[in-house]
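Q: The structure's right below; bear with me while I get my questions together.
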Amino acid sequence: MRMKHRILIVEDEPAIADTIQYALETDGFEPVCLSCGSPVAGMLAETAFDLIVLDIGLPDISGIDLCRHIRKDYDIPIIFLTARSDEVDRVVGLEIGADDYVIKPFSPRELSARVRAVLRRTAPRAEASGAAAAFRIDALRRQIYYFTTLLTLSRFEYDLLKTFIHRPGQVFTRDHLMELVWDAPEASMDRTVDAHIKNIRAKLRAVRADIDPIVTHRGTGYALRENL
Ligand code: CA
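Going by our numbering, the sequence shown opens with residue 12, and the numbers climb by one from there.
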């Protein structure tokens with residue numbers, strides 16, 4: 012029943028990336044490798060990952076800065092790889108909020124064990140989100156299932172609903188949703204968001220008339236109910 016945990020590895024040294032990928036595959040994970048930081052945002056928008064293994068010394072952006080960007084939008088656990096033990100204080104500090112770190116050189120077995128431990132520790136966060144469990148996202152096909160029924164969604168409806176499902180309980184303002192979902196937010200008006208939410212609700216009601224998983228926070232925005 013449980014799908015394989017998908018792990019994003021961001022590491023520019025091919026030998027290290029290959030070793031990690033092999034070790035994680037062997038332990039039943041589904042790893043995906045990137046050799047620099049710039050494609051990470053696009054990757055996360057398209058595919059749901061359970062954890063990120065992030066090298067601090069990347070060629071295009073520091074792993075620490077990248078972590079900050081990721082944390083604005085996602086609650087994904089992050090394990091840092093670092094070659095310098097003096098970086099550790101910054102990494103585990105509250106400011107960055109890494110879930111764990113591994114100092115190079117490390118054994119792939121050790122890293123895999125850390126991955127498993129962090130996933131175990133962070134699992135209740137995901138399982139507590141009851142409403143999100145009613146949905147399944149097929150990111151490759153940009154499709155969302157609701158109680159196993161495939162929803163017919165427009166591009167914006169898909170992106171909006173996906174945003175809610177990734178962060179159950181979080182209240183998104185209309186401005187924030189615009190920023191996350193629309194390419195040129197300034198060209199649209201606030202109520203565009205409202206119109207799309209109304210459509211999404213109608214489509215969800217067509218599947219289950221008795222529940223409304225999207226909550227309106229008056230004067231603020233919208234959120235996915237944490238529990239149905
Ligand atoms: Ca590196």
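Where is the CB? At the ideal position from N, CA and C, for every residue including glycine. Computed from a predicted model, the values in this text were never measured in an experiment.
Since I67 and E98 should fall inside the 8 Å C-beta cutoff, what is the C-beta to C-beta distance between them, to a whole number of angstroms?
A: For the purposes of this step, residue 67 is identified with residue 56 of the sequence shown, where counting begins at 1. For the purposes of this step, residue 98 is identified with residue 87 of the sequence shown, where counting begins at 1. That belief holds up - the Cβ atoms of I67 and E98 are roughly 6 Å apart, short of 8 Å.
Q: Please report the distance separating the alpha-carbon of L77 from that of F91.
A: As a first step, residue 77 is located in the sequence shown; it is residue number 66 there, counting from the start. As a first step, residue 91 is located in the sequence shown; it is residue number 80 there, counting from the start. One C-alpha to the other measures close to 11 Å.
Q: I need the boundaries of the beta strand (DSSP E) containing P42, first residue and last residue.
A: On the sequence shown, position 31 is the one that residue 42 refers to. Counting along the chain, the beta strand (DSSP E) containing P42 begins and ends at 41-45.
Q: State the start and end residues of the unbroken beta strand (DSSP E) segment that holds I148.
A: Stepping through the sequence shown from its first residue, residue 148 is reached at position 137. It spans 146-149 - the beta strand (DSSP E) in which I148 sits, taken as one unbroken run.
Q: Would a C-beta distance cut-off of 8 Å place V64 and I114 closer than the cut-off?
A: Taking the first residue of the sequence shown as 1, we reach residue 64 at position 53. Taking the first residue of the sequence shown as 1, we reach residue 114 at position 103. No. Outside cutoff.
Q: Would you report the Cα separation of D194 and A26, rounded to the nearest angstrom?
A: The residue you call residue 194 lines up with position 183 of the sequence shown. The residue you call residue 26 lines up with position 15 of the sequence shown. Between D194 and A26, the C-alpha separation is close to 37 Å.
Q: Please report the distance separating the alpha-carbon of V218 from that of A145.
A: Against the sequence shown, residue 218 aligns to sequence position 207. Against the sequence shown, residue 145 aligns to sequence position 134. Cα-Cα distance, rounded: 11 Å.
Q: May I ask you to report which of helix, strand or coil DSSP gives L62?
A: Sequence index remark: in the sequence shown, residue 62 carries index 51 (1-based). Strand at L62.
Q: With distances taken between CB atoms, is the gap from T174 to G232 smaller than 8 Å?
A: The residue you call residue 174 lines up with position 163 of the sequence shown. The residue you call residue 232 lines up with position 221 of the sequence shown. In this structure, T174 sits away from G232, with a CB-CB distance that is not shorter than 8 Å.
Q: Which one or two residues does DSSP pair with A234 in a beta bridge?
A: If you number the sequence shown from 1, residue 234 lands on position 223. Answer by DSSP bridge pairing, in chain order: V226.
Q: Regarding E24 and ligand 1, is the C-beta to nearest heavy atom distance less than 7 Å?
A: For this step, residue 24 is matched to residue 13 along the sequence shown. The answer is yes for E24.
Q: Would V129 and D100 qualify as a contact pair, given that the criterion is a beta-carbon distance under 8 Å?
A: Residue 129 sits at position 118 when you count from the first residue of the sequence shown. Residue 100 sits at position 89 when you count from the first residue of the sequence shown. In this structure, D100 does not lie closer than 8 Å to V129 by Cβ.
Q: Roughly how far, in whole angstroms, is the beta-carbon of C47 from the beta-carbon of D84, given that I think they are within contact range, below 8 Å?
A: Your numbering for residue 47 matches position 36 in the sequence shown. Your numbering for residue 84 matches position 73 in the sequence shown. That pair is no contact at about 19 Å.
Q: So A59 and I148 are supposed to be a Cβ contact under 8 Å. How far apart are they, rounded?
A: Residue 59 sits at position 48 when you count from the first residue of the sequence shown. Residue 148 sits at position 137 when you count from the first residue of the sequence shown. That pair is a contact at about 6 Å.
Q: So, for T160: in the same chain, excluding its five sequence neighbours on each side, which residues have a beta-carbon less than 8 Å away from its beta-carbon?
A: As a working note, residue 160 is residue 149 in the sequence shown. Answer for T160: V218, listed in chain order.
Q: From which residue to which residue does the alpha helix (DSSP H) around T174 run?
A: Residue mapping note: residue 174 aligns to position 163 of the sequence shown, counting from 1. Where T174 is concerned, the enclosing alpha helix (DSSP H) stretches over 166-177.
Q: Alpha carbon to alpha carbon, what distance is there between D170 and V226?
A: Position 215 of the sequence shown, counting from 1, holds the residue named residue 226. Position 159 of the sequence shown, counting from 1, holds the residue named residue 170. Linking V226 to D170 through their CA atoms gives a straight-line distance of about 17 Å.
Q: How big is the Cα-Cα spacing for M54 and A142?
A: What you label residue 54 is simply residue 43 of the sequence shown in a count that begins at 1. What you label residue 142 is simply residue 131 of the sequence shown in a count that begins at 1. Distance between the alpha carbons of M54 and A142 is about 24 Å.
Q: Just how far apart, CA to CA, sit T93 and F40?
A: By one-based count along the sequence shown, residue 93 stands at place 82. By one-based count along the sequence shown, residue 40 stands at place 29. Rounded to the nearest angstrom, the gap between the Cα atoms of T93 and F40 is 22 Å.
Q: For A139, which residues from the same chain have a beta carbon less than 6 Å from its beta carbon, with the 5 sequence-adjacent residues on both sides left out?
A: Here residue 139 is taken as the residue at index 128 of the sequence shown, counted from 1. The predicted position of A139 is uncertain, since its pLDDT is 41 and thus under 50; no value can be drawn from it.
Q: Say the cut is 7 Å; is the CB of L55 nearer than that to a heavy atom of ligand 1?
A: Position 44 of the sequence shown, counting from 1, holds the residue named residue 55. Checking every heavy atom of ligand 1 against the Cβ of L55, none is found closer than 7 Å.
Q: What whole-angstrom Cβ distance do A56 and C44 have, given they're in contact under 8 Å?
A: In the sequence shown, counting from the first residue as 1, residue 56 sits at position 45. In the sequence shown, counting from the first residue as 1, residue 44 sits at position 33. That pair is no contact at about 18 Å.
Q: Does ligand 1 have a heavy atom nearer than 7 Å to the CB of D66?
A: Position 55 of the sequence shown, counting from 1, holds the residue named residue 66. Yes, since a heavy atom of ligand 1 falls inside the 7 Å radius drawn around the Cβ of D66.
Q: Indicate, with yes or no, if ligand 1 has a heavy atom lying under 7 Å from the CB of L1.
A: What the structure shows of the chain is the stretch from 12 to 239, and residue 1 is not part of that stretch, so it cannot be assessed.
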